[in-house]
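Visitor: Chains as they are written, first to last, in the numbering used here: chain A, 1 to 117; chain B, 1001 to 1553. For every residue, glycine included, the Cβ atom is placed at its ideal position computed from N, Cα and C. In this text, all values refer to a predicted model and were calculated from it rather than measured experimentally.
1) What do you get for residue 1052/B, buried or exposed, if any count of 16 or more other CB atoms within 10 angstroms of its CB means buried?
2) Would the beta-carbon of residue 1028/B fall within 8 angstroms of that of residue 1199/B?
3) Compare the beta carbon distance of residue 82/A and residue 49/A with 8 angstroms and say whether it is the shorter of the two.
4) Tell whether a beta-carbon distance below 8 angstroms holds between residue 1066/B and residue 1096/B.
5) Does the beta carbon of residue 1286/B fall short of 7 angstroms from some heavy atom of the ligand FAD?
6) Helix, strand or coil for residue 1309/B? Go by DSSP, reduced to three states.
7) Rounded to a whole number of angstroms, what is the C-alpha to C-alpha distance between residue 1174/B and residue 1185/B?
8) Roughly how many whole angstroms lie between the Cα atoms of residue 1311/B and residue 1105/B?
9) If distances are taken between C-alpha atoms only, which option among 1256/B, 1431/B and 1038/B comes closest to residue 1554/B?
10) If we call anything under 8 angstroms between Cβ atoms a contact, is residue 59/A one with residue 24/A?
11) In three-state DSSP terms, what is residue 1106/B?
12) Note the first and the last residue of the continuous beta strand (DSSP E) segment covering residue 1161/B.
13) Reducing DSSP to helix, strand and coil, say where residue 1528/B ends up.
14) Give the interface partners of residue 93/A over in chain B, defined as CB-CB distance under 9 angstroms, in chain order.
15) Assess, as a yes-or-no matter, whether the segment 1384-1400 of chain B is touched by the segment 10-24 of chain A under the definition of 3 or more beta carbon pairs within less than 8 angstroms.
16) Tell me which residue opens and which closes the beta strand (DSSP E) that residue 1218/B is part of.
17) Please go through the same chain and pick out, in chain order, the residues whose beta-carbon is closer than 6 angstroms to the beta-carbon of residue 1241/B, but skip the five residues on each side of it.
18) Name the chain A residues that come within less than 7 angstroms of residue 1456/B, Cβ to Cβ?
19) Whole angstroms are fine: how far does the CA of residue 1450/B sit from the CA of residue 1459/B?
20) Restricting to runs no shorter than 3 residues, where is the beta strand (DSSP E) found entirely within the segment 1018-1056 of chain B?
21) Going along the chain, which residues of its own chain have a beta-carbon closer than 8 angstroms to the beta-carbon of residue 1148/B, five neighbours each way excluded?
22) By the 10 Å Cβ neighbour count, where 16 or more other Cβ atoms means buried, how is residue 1414/B classified, buried or exposed?
23) Consult DSSP for residue 1121/B and reduce its assignment to one of helix, strand or coil.
24) Within 10 angstroms of the Cβ of residue 1423/B, are there 16 or more other Cβ atoms? Answer buried if so, exposed if not.
25) Look up residue 18/A in the DSSP assignment and give the residues it is bridged to.
26) So, with DSSP's three-state summary, where would you put residue 1250/B?
27) Cβ of residue 109/A less than 8 angstroms from any chain B Cβ?
28) For residue 47/A versus residue 113/A, is the C-beta spacing smaller than 8 angstroms?
29) For the alpha helix (DSSP H) that contains residue 29/A, what are its first and last residues?
30) Assign residue 86/A to one of two classes, buried (16 or more other C-beta atoms within 10 Å of its C-beta) or exposed (fewer than that).
31) Based on the DSSP secondary-structure assignment, which residues constitute the bridge partners of residue 1392/B?
32) Residue 1427/B CB to nearest chain A CB: under 8 angstroms?
33) Would residue 1283/B and residue 1253/B qualify as a contact pair, given that the criterion is a beta-carbon distance under 8 angstroms?
34) How should residue 1122/B be labelled, buried or exposed, when 16 other C-beta atoms within 10 angstroms of its C-beta is the threshold for buried?
35) Using a Cβ cut-off of 8 angstroms, pull out every chain B residue sitting near residue 90/A, in sequence order please.
36) Residue 1172/B: buried (16+ other C-beta within 10 angstroms of its C-beta) or exposed?
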């Protein structure tokens, strides 16, 4: 089954990752590796726009903890935007939101990151 | 019908099981003998299935000899049992030779009498078995000979035999003269059940047979409740016999009876006698039966047999009522204090309740059976014996509870394949159900999250290829059950799921259960006849008060 895809928008030092569909273990691992690829290219500012993420399961959510860990290792900045309340509740439960900035809209996150070095 | 079975047209919903057992019996010709334990709840129709199998084997073929034996509670001395077993076997075996159904109905035939019958029919093999029996002095040797008779007959005649033993657990109570009851005697069957020319099909009290070590030599086949369609057809057919033709049998009542032929038959007969045809009349008949009819008598007899000590019945009734409404499993050590006041009875009571079918759970984690009729009966007894209510009040209360919970409930059922990401199909359906019920967005999404997790668990642990979902929407709550054939992720002690260590996914799985609990009002894990079931409940009154926010501010 193929219920997951990723769309990307990137500029010089910033990338916006848009997961679409169902984020389970496989989907979250693809997100994690996509994120790591940009870190390796020297892009450290990452926005994940969840507006097209329809469903999330517990394994998918737990993979995000690894992504947060990678961000800390690469001294990057990770922002979540356009996230549904239910998914935010899940990330809160897993303690993920303590390590990321959460914005309502993608533009707010981009403006926030532009001001950062 | 030689064994007093139902006419084939009135035997509903068991054609597949019957054909399976029939074909298994015919495989004996190829020396393939698979001993079978027909398991199932009280009243589910195990005895009738066995009798139907006998009749089919008796009339429809000539290569495998059938023998049906009901272990009579009154014949528990080894000598009485041996004589009865041997004479009945030889009678049925001789009857099968020339399809003489009159021989099947002979009662209390003596050894001399059966000898004469064997001689008349020139059945030398039968005379040989009887000669040996007559010349045996020790009761245990007589028992060995009687139990081995079908095998010896097979060797002599070349014809294999299917031995069907009903009420099998009573063999545990056979005793020798001058000795106490000895469960060891049943081990004498160990040798006969290993012969390749004979196949044993046993049934009886599910819990008691499961506790017999001998049952390890049997393949367990679960006799399932009747489907809604078959249950309705059975109900209509019985009504029809009483000249009560109606298309108005309430489906909620049929559903309430849980596909149990004993219950269906009792209520349909009662309704037929009273010529009831209105919806509310059927429910009234049901309540009357719970209060003082066939179902009432059936369970009262079972309760009294399980708990002969009158002095503790009242306390046990109170405890049972609490257990039936606790909505959680309990282990034996949690019974005293919580459900019964006295510790010293705990083990004895638990065992008696389990063996009588009043609680289920063979691995020490007990719970109320999935039987709404039994729950109503316990409620009825509780109101009468403990609360001292009068019949009119009990009737009104029971009628109120069944009508509000059943008639106002709307249910959806679906089956999904046990494959990765099938949980999304369930989640999508839930979305539409939620919209139909005007649930707010938050609650739909929370339930979707919980259902996704429950389905993933079921898919991961299922041994079958299907997951069964049922959504029951009442006025004030939504109940979702997810059932699969898996059974290995429930702790026998706590009834809670195991969280294994060492696997990467298990980190997420542990969270899965936390998520289910966080986003619903109750999560229950239950063992079922199919395997296991997770039941998620969301209270909708509380749900309607929550705010609706799609995204964070």
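Guide: With the structure as the only source:
1) For the purposes of this step, residue 1052/B is identified with residue 52 of the second chain, where counting begins at 1. It is buried - the Cβ of residue 1052/B has at least 16 other Cβ atoms within 10 Å.
2) As a first step, residue 1028/B is located in the second chain; it is residue number 28 there, counting from the start. As a first step, residue 1199/B is located in the second chain; it is residue number 199 there, counting from the start. Cβ distance < 8 angstroms, so residue 1028/B and residue 1199/B count as in contact.
3) Position 82 of the first chain, counting from 1, holds the residue named residue 82/A. Position 49 of the first chain, counting from 1, holds the residue named residue 49/A. Pairing residue 82/A with residue 49/A gives a Cβ-Cβ distance under 8 angstroms.
4) In the second chain, residue 1066/B corresponds to position 66, counting from 1. In the second chain, residue 1096/B corresponds to position 96, counting from 1. Yes, the pair counts as a contact, with Cβ atoms nearer than the cut-off.
5) The ligand FAD is absent from the structure shown, which contains no ligands of any kind.
6) On the second chain, residue 1309/B is found 309 positions in, with the first residue counted as 1. Secondary structure at residue 1309/B: coil, using DSSP grouped into helix, strand and coil.
7) Numbered from 1 along the second chain, position 174 holds the residue referred to as residue 1174/B. Numbered from 1 along the second chain, position 185 holds the residue referred to as residue 1185/B. Distance between the alpha carbons of residue 1174/B and residue 1185/B is about 7 angstroms.
8) As a working mapping, residue 1311/B is identified with position 311 in the second chain. As a working mapping, residue 1105/B is identified with position 105 in the second chain. If you take the alpha carbons of residue 1311/B and residue 1105/B, they lie about 43 angstroms apart.
9) With chain B covering only 1001 through 1553, there is no way to say anything about residue 1554/B.
10) Position 59 of the first chain, counting from 1, holds the residue named residue 59/A. Position 24 of the first chain, counting from 1, holds the residue named residue 24/A. Contact flag set, yes.
11) To locate residue 1106/B, count along the second chain from 1; it is residue 106. Three-state result, residue 1106/B: coil.
12) Position 161 of the second chain holds residue 1161/B. Residues 1161-1166.
13) The residue labelled residue 1528/B in the question sits at position 528 within the second chain. In the structure shown, residue 1528/B sits in coil (DSSP, three-state: anything other than H, G, I, E or B).
14) Position 93 of the first chain holds residue 93/A. Within chain B, the residues near residue 93/A are 1511, 1514, 1515 and 1518.
15) no
16) Residue mapping note: residue 1218/B aligns to position 218 of the second chain, counting from 1. No beta strand (DSSP E) holds residue 1218/B; DSSP gives it neither H nor E.
17) As a first step, residue 1241/B must be located in the second chain, where it is residue number 241. Closer than 6 angstroms at the Cβ level, and outside the excluded window around residue 1241/B, lies no residue.
18) Here residue 1456/B refers to the residue found at position 456 when the second chain is read from its first residue. Within chain A, the residues near residue 1456/B are 57.
19) Position 459 of the second chain, counted from the first residue, corresponds to residue 1459/B. Position 450 of the second chain, counted from the first residue, corresponds to residue 1450/B. So the alpha carbons of these two residues sit roughly 14 angstroms apart.
20) 1036-1039
21) On the second chain, position 148 is the one that residue 1148/B refers to. Same-chain partners within the cutoff: 1191 and 1192.
22) Counting from 1 along the second chain, the entry for residue 1414/B is found at position 414. Counting the other Cβ atoms within 10 Å of the Cβ of residue 1414/B gives fewer than 16, which makes it exposed.
23) Working through the second chain from its first residue, we reach residue 1121/B at position 121. Note: residue 1121/B maps to coil in three-state DSSP.
24) Walking along the second chain from the start, residue 1423/B turns up at place 423. By the 10 Å Cβ count, residue 1423/B comes out buried.
25) Here residue 18/A corresponds to residue number 18 of the first chain, with the count starting at 1. Paired residues: 7/A.
26) Within the second chain, numbered from 1, the residue matching residue 1250/B stands at position 250. Secondary structure of residue 1250/B (DSSP, three-state): coil.
27) The sequence position of residue 109/A within the first chain is 109, counting from 1. By this cut-off, residue 109/A is not an interface position.
28) Within the first chain, residue 47/A is the residue found at index 47, counting from 1. Within the first chain, residue 113/A is the residue found at index 113, counting from 1. Yes, they are a contact pair.
29) If you number the first chain from 1, residue 29/A lands on position 29. Taken as a continuous stretch (DSSP letters only), the alpha helix (DSSP H) holding residue 29/A covers 25-40.
30) In the first chain, counting from the first residue as 1, residue 86/A sits at position 86. So residue 86/A counts as buried.
31) Here residue 1392/B is taken as the residue at index 392 of the second chain, counted from 1. None; residue 1392/B has no bridge partner.
32) Counting from 1 along the second chain, the entry for residue 1427/B is found at position 427. A Cβ of chain A is located within less than 8 angstroms of the beta carbon of residue 1427/B.
33) The count along the second chain starts at 1 and reaches residue 1283/B at position 283. The count along the second chain starts at 1 and reaches residue 1253/B at position 253. Yes, the pair counts as a contact, with Cβ atoms nearer than the cut-off.
34) Residue mapping note: residue 1122/B aligns to position 122 of the second chain, counting from 1. The residue is exposed, with fewer than 16 neighbouring Cβ atoms inside 10 Å.
35) One-based indexing of the first chain puts residue 90/A at position 90. Simply 1449 and 1515.
36) If you number the second chain from 1, residue 1172/B lands on position 172. With 16 or more Cβ atoms within 10 Å of its Cβ, residue 1172/B is classed as buried.
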